[in-house]
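*Asks:*
Residue numbers (this note's numbering), protein chains in the order written: chain Z, 56 to 328; chain Y, 116 to 419; chain U, 371 to 851.
If you want it as structure tokens, here you go:
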């Protein structure tokens with residue numbers, strides 16, 4: 056389907072917890088400037104795949120390659136913070152992990168830590184007022200301001216992150232991930248707990264991130280309407296195995312997928328679409 | 116060989132005492148996820164109460180010794196348990212739900228308070244007690260070096276095994292044990308299904324304190340030397356033992372205690388007695404680095 | 371079991387039975403320690419009793435708890451009278467010992483005040499009395515807060531020249547400032563980075579012994595040793611920190627505690643280097659730009675009073691030491707205030723909030739923690755150098771676990787991360803107890819009790835307001851804290 060090497064290439068990813076086989080030889084790819092969704096019933100191993108990609112778990116076997124700018128990163132061998140900083144893969148969490156006592160703006164400035172750290176001469180220069188730290192910080196604030204504006208949180212910039220409403224916290228987490236300047240954004244159930252209007256805004260935001268900023272998105276989501284509407288490609292997992300992979304139209308018609316969803320009686324699953 | 120055997124016996128005895136204290140750490144850590152920082156002080160208080168009771172009973176004949184020890188055990192366990200209850204009530208319960216550091220500081224405060232309270236009321240001088248249980252077996256003799264196993268050492272090891280068995284049974288077989296395990300896993304959920312979380316936690320402190328009192332009595336009888344400061348170092352070592360064995364596991368606490376006791380005995384016997392505490396601390400560091408879940412602990416998967 | 375005092379008042383009978391239970395528990399607690407004690411006898415020990423004290427404690431517990439219980443209900447006025455009576459009995463000396471009398475007076479006054487407040491308010495919200503009082507106090511303090519920092523700063527600047535300040539107070543101020551500096555140093559590790567360090571005293575010791583040994587063996591002065599001692603302490607911080615920093619929370623606490631004790635044990639036992647428990651004496655005092663504070667300077671040099679044409683006074687040296695520690699402490703403070711606004715400082719705070727989120731945005735947790743550990747250690751080393759220079763003597767006794775606990779208590783009591791909170795907590799925990807030297811024996815008991823009480827009263831510390839490190843809006847309020 057695509058001749059050029061994909062942005063993310065997952066091959067034969069297997070994860071065992073003790074005796075439990077959580078993910079079993081899953082292979083899939085995510086293309087540049089595309090939204091790839093991973094769906095499946097609860098417990099299918101979606102978040103576990105994410106945790107491997109972002110370095111929180113070590114895969115038992117398999118290869119995870121992220122290629123961009125002429126470089127290739129073997130994610131399975133990198134510590135998590137370097138995956139974020141060097142391989143430029145950013146993520147959000149299923150149960151939102153902000154820095155709750157810090158302000159919204161501080162959350163976004165922190166996402167630009169690596170750049171700012173370098174600009175501050177690893178603290179030493181900035182401590183005595185040398186180097187271009189002030190300029191770098193202003194640039195960081197500008198980037199933060201851009202994303203705050205984009206997710207509609209500009210008015211809350213100086214509020215504690217914990218004081219935001221739930222939907223706002225979700226969007227702030229996406230803004231924070233975008234401030235790390237990623238090439239691949241991994242979102243773990245970004246629409247969970249959002250109302251219809253908020254989901255609509257999220258859909259527009261994700262489209263914009265892909266089209267205007269050229270950032271690929273890997274998405275775990277249960278909201279099938281959202282997934283079908285915005286995904287370029289869908290990977291379906293069940294019990295740690297891949298059961299389908301392809302464009303939305305093909306996946307929607309796949310009998311194995313329908314069986315998987317109807318079998319679980321998942322109310323927001325395929326049957327509802 | 117003889118020397119080795121003697122150190123082995125001494126180490127096991129010492130380790131049994133550490134193990135008894137370690138159970139208190141392991142149970143409290145299991146249920147509230149915090150180090151009971153004042154637990155060492157509770158043990159020290161147990162030792163003083165045991166000393167007081169033995170002195171109150173007065174000199175007894177050989178036949179009544181067992182009775183006297185049982186009485187001292189009972190009194191020490193009950194009164195020390197009251198201290199354990201008070202500790203939880205004053206320093207931990209008001210801070211449930213507060214930042215973890217707050218509870219840690221209040222426990223350190225309590226530890227300082229108790230230490231100085233005992234120093235003030237009982238004096239700073241070392242208390243010595245004539246051995247109540249004398250004698251023992253001579254296991255072997257070689258070149259004038261005797262390997263002996265005293266009755267007291269037998270008593271300590273037997274008591275430890277008995278108590279470990281009883282407490283393991285309590286935790287695995289009784290309603291209290293079920294309530295404890297429920298609170299360990301999820302205290303909110305436990306409360307929802309009708310478990311009195313406050314009382315379960317209080318009882319955990321009480322049980323830990325009662326065992327520390329046993330350790331206190333044993334130390335008083337075995338070494339016959341106590342002062343207000345013994346809780347600090349013994350506390351750290353017992354905590355090390357609890358971590359070593361795998362925090363949350365009662366057999367682990369005993370196993371950890373035995374290993375710490377043996378290491379300390381052999382280290383003092385063969386290397387240097389001055390640095391025996393350094394040996395214990397180094398083990399703590401090594402264990403935490405290479406096997407943070409301890410020998411018998413369950414591995415925990417970081418939830419993201 | 372006794373009910374919590376926050377519950378509304380029950381019937382009179384209920385209160386009496388509650389008080390009885392409470393008194394019973396108090397008696398059980400007091401019996402083995404207050405009721406009996408051991409005295410040396412011909413063969414070993416014998417028991418002696420303090421029965422009157424025990425009875426008095428039991429009675430006090432009953433009356434005190436009853437009074438507190440009644441003070442919540444319609445019998446508040448009666449409770450106030452009861453409290454007054456108890457205090458009066460304590461005052462006129464009807465009780466068996468001074469300690470019990472003091473206890474009785476304090477308990478009586480508490481009951482009196484609460485009963486009187488409740489009675490005066492009539493039928494206001496039950497059980498709300500104490501919380502409102504504490505909150506009002508906190509609110510008032512919060513309003514004054516922005517001025518407190520500058521005021522304390524000015525007072526600290528002119529302190530040695532205030533008319534009522536004598537040698538004793540100045541010595542006390544130096545002691546308090548030493549703890550303020552240690553608190554500020556540890557605040558970087560605990561308050562900002564959220565790393566629970568119970569062995570901070572190790573770095574204090576490394577600083578002190580570095581200076582002592584360098585001075586002893588190479589005859590180096592204070593100013594040459596100060597940066598070196600800080601560097602050594604920082605190196606130690608990295609050395610100790612590297613293996614243990616991935617441990618979490620309480621585990622880190624206990625390991626750092628172990629390290630602190632290990633350093634002390636080495637200091638005691640490595641006699642050839644440290645002179646063991648006897649310590650090292652004859653450490654040189656710091657000079658003022660090369661001017662010594664001696665009456666008779668070495669031939670060919672001038673001393674401070676000669677250079678400035680002053681009458682010789684030992685007070686000069688004390689005042690100099692005071693300003694020295696003030697400057698060292700303020701350097702620590704300004705450093706922290708500055709670094710909080712830099713990426714590293716922000717990363718510390720983020721690490722305290724959520725380490726996993728930090729990793730997800732590319733912050734290297736190990737390096738960030740190591741930096742906090744090393745920098746905190748460095749300031750501990752500086753403080754240790756000052757300590758050695760001031761005492762001219764160091765021994766392992768000064769570096770016990772209790773010191774670490776005190777410094778940590780200052781940080782947590784002050785309010786994690788709050789610079790001003792450290793000052794207040796140091797004044798509260800060091801200044802006040804030191805000033806009441808007569809109560810020597812009771813100092814540590816009161817200290818422990820204060821730690822428990824403050825934590826229960828304010829679990830987040832005295833000043834727990836966090837000032838953002840950067841703002842988009844223009845509004846800025848308050849002084850740096």
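All residues carry an ideal CB built from backbone N, CA and C; glycine is no exception.
For clarity, every value in this text was computed on a predicted model and none was experimentally measured.
What residues of chain Z sit near residue 726 of chain U, judged by a beta carbon separation below 9 Å?
*Replies:* Chain Z residues near residue 726 of chain U: 111, 135, 148, 152.
*Asks:* Assuming residue 357 of chain Y and residue 140 of chain Y are in contact, meaning their beta carbons sit under 8 Å apart, how far apart are those beta carbons, in whole angstroms?
*Replies:* About 4 Å separates the two Cβ atoms, so the contact holds.
*Asks:* Residue 366 of chain Y bridges to which residues according to DSSP?
*Replies:* Answer is none; residue 366 of chain Y lacks a bridge partner.
*Asks:* Using 8 Å as the limit for Cβ to Cβ distance, is residue 830 of chain U near chain Y?
*Replies:* Yes, because at least one Cβ of chain Y sits closer than 8 Å to the Cβ of residue 830 of chain U.
*Asks:* For residue 326 of chain Y versus residue 138 of chain Y, is the C-beta distance shorter than 8 Å?
*Replies:* Cβ atoms of residue 326 of chain Y and residue 138 of chain Y: closer than 8 Å.
*Asks:* Would you say the region 226-236 of chain Z touches the region 254-266 of chain Z, given that touching needs at least three Cβ pairs under 8 Å?
*Replies:* The region 226-236 of chain Z, when compared against the region 254-266 of chain Z, does touch it at the 8 Å Cβ threshold.
*Asks:* If you measure between the beta carbons of residue 582 of chain U and residue 425 of chain U, is that distance less than 8 Å?
*Replies:* Cβ atoms of residue 582 of chain U and residue 425 of chain U: not closer than 8 Å.
*Asks:* Considering only the alpha carbon of each residue, which of U:445, U:510, U:598, U:468 lies closest to residue 853 of chain U?
*Replies:* Shown here, chain U extends from 371 to 851; a query on residue 853 of chain U therefore has no answer.
*Asks:* Could you tell me whether any Cβ in chain Z is nearer than 8 Å to the Cβ of residue 848 of chain U?
*Replies:* With a pLDDT of only 42 at residue 848 of chain U, under 50, the local geometry of the prediction cannot be trusted, and no value is derived from it.
*Asks:* Does the distance from the CB of residue 124 of chain Y to the CB of residue 264 of chain Y come in under 8 Å?
*Replies:* In this structure, residue 264 of chain Y lies closer than 8 Å to residue 124 of chain Y by Cβ.
*Asks:* Taking C-alpha atoms, which residue in U:835, U:725, U:661, U:466 lies nearest to residue 784 of chain U?
*Replies:* Here the closest residue by C-alpha is U:835.
*Asks:* Give the DSSP-derived three-state secondary structure of residue 833 of chain U in the structure shown.
*Replies:* Looking at residue 833 of chain U - three-state DSSP - the assignment turns out to be coil, as it is neither helix nor strand.
*Asks:* DSSP three-state label for residue 390 of chain U, please.
*Replies:* Looking at residue 390 of chain U - three-state DSSP - the assignment turns out to be helix.
*Asks:* Name, in chain order, the residues that DSSP records as bridge partners for residue 407 of chain U.
*Replies:* BP columns for residue 407 of chain U point to U:418.
*Asks:* Quick check: is the beta carbon of residue 198 of chain Z nearer than 8 Å to any beta carbon in chain U?
*Replies:* It does not; no Cβ of chain U falls within 8 Å.
*Asks:* Hey, is residue 178 of chain Z's beta-carbon within less than 8 Å of any beta-carbon in chain U?
*Replies:* Yes, contact with chain U.
*Asks:* Is there a Cβ from chain U that is less than 8 Å from the Cβ of residue 271 of chain Z?
*Replies:* Chain U, which has no Cβ nearer than 8 Å to the Cβ of residue 271 of chain Z, makes this no.
*Asks:* Enumerate in chain order the residues of its own chain whose CB-to-CB distance from residue 466 of chain U is below 6 Å, with the five nearest sequence positions on each side excluded.
*Replies:* The residues are 422, 423, 426.
*Asks:* Of all the CB atoms in chain B, is at least one closer than 8 Å to the CB of residue 759 of chain U?
*Replies:* Absent from the structure is chain B; the protein chains it does hold are Z, Y and U.
*Asks:* Would you verify that the beta carbon of residue 342 of chain Y is, or is not, closer than 8 Å to some beta carbon of chain U?
*Replies:* No, its Cβ sits nowhere closer than 8 Å to a Cβ of chain U.
*Asks:* Ordered along the chain, which non-local residues of its own chain (more than five positions away) have a Cβ less than 7 Å from that of residue 499 of chain U?
*Replies:* Model confidence at residue 499 of chain U stands at a pLDDT of 46, short of 50, so the residue's coordinates are unreliable and nothing is read from them.
*Asks:* In terms of alpha-carbon separation, which member of U:576, U:409, U:431 lies closest to residue 602 of chain U?
*Replies:* For residue 602 of chain U, the nearest C-alpha among the options comes from U:576.
*Asks:* For residue 136 of chain Y, which of Y:186, Y:381, Y:323, Y:152 has the nearest alpha-carbon?
*Replies:* Nearest C-alpha to residue 136 of chain Y: Y:323.
*Asks:* Name, please, each residue of chain Y whose Cβ falls closer than 7 Å to the Cβ of residue 639 of chain U.
*Replies:* Neighbours of residue 639 of chain U on chain Y, chain order: 389, 390.
*Asks:* In whole angstroms, what is the alpha-carbon distance linking residue 308 of chain Z and residue 302 of chain Z?
*Replies:* The straight-line gap from Cα to Cα measures roughly 10 Å.
*Asks:* DSSP three-state call for residue 265 of chain Y: helix, strand or coil?
*Replies:* Residue 265 of chain Y: strand per DSSP, three-state reduction.
*Asks:* Consider the Cβ of residue 817 of chain U: report whether some Cβ of chain Y lies at a distance smaller than 8 Å.
*Replies:* Output row for residue 817 of chain U: interface = yes.
*Asks:* Looking only at its chain, what residues have a beta carbon closer than 6 Å to the beta carbon of residue 127 of chain Z, apart from the 5 residues adjacent to it on each side?
*Replies:* Contacts found: 120.
*Asks:* Got a sec: is the Cβ-Cβ distance from residue 734 of chain U to anything in chain Z below 8 Å?
*Replies:* Yes, residue 734 of chain U counts as interfacial toward chain Z.
*Asks:* Beta carbon of residue 313 of chain Z, beta carbon of residue 101 of chain Z: below 8 Å?
*Replies:* No, the Cβ-Cβ distance between residue 313 of chain Z and residue 101 of chain Z is not below 8 Å.
*Asks:* DSSP on residue 295 of chain Y, reduced to helix/strand/coil?
*Replies:* In the structure shown, residue 295 of chain Y sits in a helix (DSSP, three-state: H, G or I).
*Asks:* Would the region 790-807 of chain U count as touching the region 226-242 of chain Y if we require 3 or more Cβ pairs under 8 Å?
*Replies:* Not touching, per the Cβ criterion.
*Asks:* Determine the chain U residues that contact residue 392 of chain Z at a beta-carbon separation under 9 Å, and present them in chain order.
*Replies:* Residue 392 of chain Z falls outside the range modelled here, since chain Z spans only 56 to 328, and no answer is possible.
*Asks:* Looking only at its chain, what residues have a beta carbon closer than 6 Å to the beta carbon of residue 162 of chain Y, apart from the 5 residues adjacent to it on each side?
*Replies:* The answer, listed in chain order, is 331, 334, 335, 341.
*Asks:* Note down, in chain order, each residue of its chain lying with its Cβ closer than 7 Å to the Cβ of residue 367 of chain U, except the 5 sequence neighbours on either side.
*Replies:* This structure cannot settle anything about residue 367 of chain U, because the visible part of chain U is limited to 371 through 851.
*Asks:* Please list, in chain order, the residues of the region 163-174 of chain Z that have any C-beta partner in chain U closer than 7 Å.
*Replies:* Answer in chain order: 164, 165, 166, 168, 169, 171, 172.
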